[in-house]
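Visitor:
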DNA sequence: AGCTCACCCTGGACGC
DNA sequence: TGCGTCCAGGGTGAGC
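Listed below in structure tokens is the structure:
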């Protein structure tokens, strides 16, 4: 599932391939995922020039000046850069044809993701609902935001209103590296724990970006050139229930459900 | 404030 | 081979 590093990778690629180009045609095959509607998106964006592509949390933001297109990939969304004549991708739900024979395809198997037309003001409203970016937040702001919460540390990390960009894989990995049990209440970690967690989050996200994201199965994340990421080679606990703890403590990676999310940790190392 | 649950949706895995 | 059931999960919203 695309999280900050995957979205960051895609965003950079899109920006270098498409910024400055005119959007010629939009086609939406599944009305539901195009908001507010295909007609509105066509009316506003066809003929408009893309200024740049950026990232806000896990959202990809296409800046067209007075109009803004926001794409959220959610679980199974992918963006592929092809040419105009290329056939539809397996789960293609929408396409955006640009100048220079560039065709952006929105592939979205489970259709949780969406493409939403908004304005710069609308984007500001969406930003307000998100906490600071996980890579930009300062240590003091991070600890401050944990203080007044009264739930488990992992739920807080996944809550985009607290900090934005972290998803299930990187949250599990960061907690493991910081030796913090995912069910621990946020008020319990010491300042030292928080500092360790803060560093672990930065470490896994930066490593994730350097590795071009994580592709844990064939159907999952790809970049816009359909290339896999490599961060899965560095994953220590996510999706590894039953295997030996990578710290060689003698314990085994355990899986529990926390807030409906698969949660992986070593009960011996993480307290 | 925070918990649980249903919902959105599809396809892969598994049981019979 | 084929059908039914279960499961995965980011985010939102309802109800407690």
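Numbering (this note's numbering), first residue to last: 2 to 272.
Each residue gets a CB set at the ideal place from its N, CA and C atoms; glycine is no exception.
(1) Below 6 Å CB to CB, which residues in the same chain sit around residue 201 once its five sequence neighbours on both sides are set aside?
(2) Mapping the DSSP letters down to three states, classify residue 143 as helix, strand or coil.
(3) Mind checking who residue 93 pairs with in its DSSP beta bridge?
(4) Roughly how many angstroms lie between the CA atoms of residue 213 and residue 65, to the nearest whole one?
(5) Give every residue of the same chain whose Cβ lies closer than 6 Å to the Cβ of residue 117, excluding the five residues on either side of it in the sequence, and list them in chain order.
(6) From residue 182 to residue 144, what does the alpha carbon distance come to, in whole angstroms?
(7) Hey, out of 93, 46 and 16, whose CA is closest to residue 119's CA?
(8) Kindly indicate which three-state DSSP category residue 87 falls into: helix, strand or coil?
(9) What would DSSP say about residue 36, mapped onto helix, strand or coil?
(10) Since residue 1 is in the beta strand (DSSP E), which residue starts that stretch and which ends it?
(11) Looking at the unbroken alpha helix (DSSP H) that takes in residue 30, where does it start and where does it end?
(12) Of the residues 141, 79, 95 and 6, which one's Cα is nearest the Cα of residue 38?
(13) Residues in the same chain with beta-carbon distance under 6 Å from residue 162, minus the five sequence neighbours each way, listed in chain order, please.
(14) Hey, how far is the Cα of residue 97 from the Cα of residue 125?
(15) Between 258, 231 and 59, which has its C-alpha nearest residue 78's C-alpha?
(16) Around the Cβ of residue 11, are there at least 16 other Cβ atoms within 10 angstroms (buried) or fewer (exposed)?
(17) Note the first and the last residue of the continuous alpha helix (DSSP H) segment covering residue 177.
(18) Could you give the uninterrupted runs of the beta strand (DSSP E) lying entirely in the region 182-268, keeping only those of 3 residues or more?
(19) Which two residues bound the contiguous alpha helix (DSSP H) that contains residue 127?
(20) Quick one: any contact between the region 259-268 and the region 181-198, if contact means 3 or more CB pairs under 8 Å?
(21) Indicate the three-state DSSP secondary structure (helix, strand or coil) for residue 136 in the structure shown.
(22) What runs of the beta strand (DSSP E), each 3 residues or longer, lie entirely inside the region 40-66?
Guide: Per the coordinate set shown:
(1) 175, 178 and 179
(2) helix
(3) 108
(4) 26 Å
(5) 36 and 71
(6) 17 Å
(7) 46
(8) coil
(9) strand
(10) Summary: the structure shown does not reach residue 1, with the chain confined to residues 2 through 272, and so no result is reported for it.
(11) That residue, residue 30, is in no alpha helix (DSSP H); it is neither H nor E in DSSP.
(12) 95
(13) 132
(14) 24 Å
(15) 59
(16) buried
(17) 169-178
(18) 255-259 and 262-266
(19) 121-129
(20) yes
(21) coil
(22) 53-57 and 60-64
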